[in-house]
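From first to last, the protein sequence lines stand for chains A and B. Everything in the first sequence is counted per the numbering used here, starting at 122 for the first residue and increasing by one. Everything in the second sequence is counted per the numbering used here, starting at 42 for the first residue and increasing by one. Virtual Cβ for every residue (Gly too), placed ideally from N, Cα, C. To keep things clear, I will list the structure first and then write my remarks on it.
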Amino acid sequence: MAATAAFLDDPFLPVGDAAAIPLKDILPWAVFGLLIAMLALYFVSTEQGAVSLFDGKAVHEFVHDGRHLLGFPCH
Amino acid sequence: MTKDMLWRGMLAGILAALLATLFARAVAEPQVDHAIAFEASHEAQEHAHHDRHGHDEDEGEIVSRATQKGLGLFTAMTLYGAAIGGIFSQLFAYAYGRLARVGPRTLAAMLAMLAFLVIAVVPALKYPPNPPAVGQPDTIQIRTAAYFAMLVASVVATIVAFRVKAMLAERLGGFDAVLAGIAAFIAVILIAGALLPGFDEVPADFPAALLWRFRVSALGIQALLWATIGLSFGLMAERRLRRA
C-alpha cells in the first residue's frame, strides 16, 4: 500500500470513512442530475433516429456528426 | 459538497467537450466527409439505374454540412460532455473514501479510465461506431436497442464485478478477488455479446481503411473526453476537498 501511494504520488489521502460524503447528501443531487443528464443524452443519441418525440429531422441533422462520432447508431 | 462536485463534474465535461470538438474537427471530420461522399456517389448511381425519385432525404438539406460539423458537433459534444461529467461527479462523490483509500486525483483518474472502458470500449467491441453510409436505415430501431442493451450489460457487468470482488476479498485476498471480479465482468460481457444480435451492414465496396480511420478517430474522441474529465475533475475536486 505504501509503495502504491508513493508511486501514485497523491499527497491528499482520505482518512477513514469520515472523508466519505454521506449518502443522504449525495442522493437528491445524483437522482436529479441523472434525470437531466439522461434527457440531454437522449437528444444527442436517439431523438429522430430510432425514436421521435418531434416530427421532422432537424434535431437528427443538427447533432448528426456528434451522434456518429460518439458511437451511437445514427441512421 | 455534492452540489460542488456536480458543478465541477459538468465543468470538466464541458472542457472535455471543447477539446474533443477540436480533435474531432481536425481528425474525425475528414473521415465523415469521405463517407458522405461515398454515400452520395452511391445514391447517384442508384438513381441513374432505377430512375425513381423515392428518396426524400437529399431533397434539400435541412442543416448544412458546415453547421453539422461546426455548431451542431459542438452542441452535441457539449451536451454529452456536461451529462457524462455530471454523472461522473456523482459516482466520484459516492466512491471517494469508500471504494479505495486513494486521493481525489488518483480516484478521479481511475474512475475515468474505468468509465472509458465500460462506456466507450466494451459496447464498441460489439457495436463499433459507424460512419454515414454504413448501416441500413430500416434497422435503426433494432440497432439502437441492441446498442443500448450492450451498454447496460457493460454497466451491469461492472457492478457484478465489484460485488464479486467485495464478496471474495476476505477469502481470497485483494489481488485474487480483483481477478475474480474481472473474470465475472468478462463472463457477463461474453454472455450478453452472444445473446445480442450481430449486424453486418457495411456496403461491400465501402473502403476498409476509411472504416478503420473513422472508428479509430471515434475511439480517440472518447479517450480524450474521459482523460480530460478524469484529470481536470481530479484537480478541481482536490482543491474543493482540501477546503472542507
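Bridge partners for A/A171 per DSSP, in chain order?
Locating residue 171 of chain A in the first sequence gives position 50, counting from the first residue. In the DSSP assignment, no residue is bridged to A/A171.
Does DSSP put B/Y168 in a helix, in a strand, or in coil?
One-based indexing of the second sequence puts residue 168 of chain B at position 127. In the structure shown, B/Y168 sits in coil (DSSP, three-state: anything other than H, G, I, E or B).
Please list the terminal residues of the continuous alpha helix (DSSP H) segment that includes B/R284.
In the second sequence, residue 284 of chain B corresponds to position 243, counting from 1. Counting along the chain, B/R284 sits inside the alpha helix (DSSP H) bounded by residues A249 to R284.
Sort B/A150, B/A65 and B/V201 by Cα distance to B/R254 and report the nearest one.
Numbered from 1 along the second sequence, position 213 holds the residue referred to as residue 254 of chain B. With distances taken between Cα atoms, B/R254 lies closest to B/A65.
Chain B beta carbons: is any one of them nearer than 8 Å to that of A/D176?
Locating residue 176 of chain A in the first sequence gives position 55, where the first residue counts as 1. Taking 8 Å as the threshold, the shortest C-beta distance from A/D176 to chain B does not fall below it.
Report yes or no: is there a C-beta of chain B within less than 8 Å of the C-beta of A/L156?
The residue you call residue 156 of chain A lines up with position 35 of the first sequence. Judged by the 8 Å Cβ criterion, A/L156 is not in contact with chain B.
If B/A225 sits next to B/V201, beta carbons under 8 Å apart, how far is it from one beta carbon to the other, in whole angstroms?
Residue numbering aside, residue 225 of chain B sits at position 184 when the second sequence is read from its first letter. Residue numbering aside, residue 201 of chain B sits at position 160 when the second sequence is read from its first letter. The pair is a contact, with the Cβ atoms about 5 Å apart (cut-off 8 Å).
Between B/A218, B/V197, B/G261 and B/F247, which has its C-alpha nearest B/A58's C-alpha?
Sequence index remark: in the second sequence, residue 58 of chain B carries index 17 (1-based). If we check each option's Cα against that of B/A58, B/G261 comes out closest.
Looking at C-alpha atoms only, which residue of A/L191, A/H196 and A/C195 is the closest neighbour of B/A69?
Numbered from 1 along the second sequence, position 28 holds the residue referred to as residue 69 of chain B. With distances taken between Cα atoms, B/A69 lies closest to A/L191.
B/M154 and B/A61 closer than 8 Å at C-beta
Locating residue 154 of chain B in the second sequence gives position 113, counting from the first residue. Locating residue 61 of chain B in the second sequence gives position 20, counting from the first residue. In this structure, the beta-carbon distance from B/M154 to B/A61 does not fall below 8 Å.
Can you confirm whether the region 121 to 133 of chain B touches the region 234 to 244 of chain B when touching is taken to mean that 3 or more C-beta pairs between the two stretches lie within less than 8 Å?
No: the two stretches stay apart, fewer than three of their Cβ pairs being nearer than 8 Å.
Between B/W48, B/L266, B/A89 and B/R106, which has its C-alpha nearest B/P173's C-alpha?
As a working mapping, residue 173 of chain B is identified with position 132 in the second sequence. It is B/R106.
Which partner residues of B/Y137 appear in the DSSP bridge assignment?
Locating residue 137 of chain B in the second sequence gives position 96, where the first residue counts as 1. DSSP output for B/Y137 lists B/A141 as bridge partner(s).
Residues of chain B with a CB under 8 Å from the CB of A/E182: which are they?
Locating residue 182 of chain A in the first sequence gives position 61, counting from the first residue. Think of a sphere of 8 Å around the beta carbon of A/E182: the chain B residues whose beta carbon falls inside it are E102, I103, V104, Q109 and G113, in chain order.
Rounded to whole angstroms, what is the Cα-Cα separation between B/L47 and A/A140?
As a working note, residue 47 of chain B is residue 6 in the second sequence. As a working note, residue 140 of chain A is residue 19 in the first sequence. If you take the alpha carbons of B/L47 and A/A140, they lie about 17 Å apart.
I want to verify the contact list: residues of chain A whose CB lies under 7 Å from the CB of B/P173, in sequence order.
Taking the first residue of the second sequence as 1, we reach residue 173 of chain B at position 132. Simply H189.
Any C-beta of chain A sitting closer than 8 Å to the C-beta of B/E242?
For the purposes of this step, residue 242 of chain B is identified with residue 201 of the second sequence, where counting begins at 1. False, the Cβ-Cβ gap to chain A never drops below 8 Å.
Between B/I230 and chain A, is there a C-beta pair that is closer than 8 Å?
Within the second sequence, numbered from 1, the residue matching residue 230 of chain B stands at position 189. Using beta-carbon distances, B/I230 does not count as an interface residue toward chain A, since no partner is under 8 Å.
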